[in-house]
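Numbers 2 to 101, taken from our numbering, label the letters of the sequence shown in order. Below you'll find the structure, written out as structure tokens, and then a few comments.
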Amino acid sequence: RVGSVCHVDKLRVDRIPGTSRVRYVVEHSVEGRARLCCIQNPTALFDESLYLKATVDLLDACGEECPVDVDDVDHRLRALRRSVADVAAAAAAAMWACDV
């Protein structure tokens, strides 16, 4: 499983008028690719308010000429998160089934 390493270049927090909500506007650049080795906090798969932390192997450094399809990367990262969540849910269900 390989994903992109992104650098946040610019972050702006916009308050939504008339509410207590905020919106984050981010500009980023892709720095390279990384292979997922281990998820450090798998509970974050079930709580989107937490950051998912992982151990990764950096695969390459990305220069100006590095072609990246941002939509494809986003789609693949979302699919990976769903897949890992499905596996974690199945493991939890199996663990509960074995608990007598």
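A virtual CB, placed ideally from N, CA and C, is assigned to each residue, including glycine.
In the structure shown, the three-state DSSP call for THR20 is coil.
Spanning the alpha carbons of ARG2 and GLY19 requires a straight line of approximately 42 angstroms. By the criterion of at least three beta-carbon pairs nearer than 8 angstroms, the segment 33–42 is in contact with the segment 54–61.
In this structure, the alpha-carbon of LYS11 lies about 43 angstroms from that of ALA95. Nearest neighbour of ARG83 by Cα position, chosen from LEU46, SER21 and VAL26, turns out to be LEU46. Distance from the CA atom of ARG22 to the CA atom of SER50, rounded to whole angstroms, is 14 angstroms. Under the three-state reduction of DSSP output, SER5 falls in the strand class. Distance from the CA of VAL26 to the CA of HIS8, rounded to the nearest whole angstrom, comes to 14 angstroms.
Under the three-state reduction of DSSP output, SER84 falls in the helix class.
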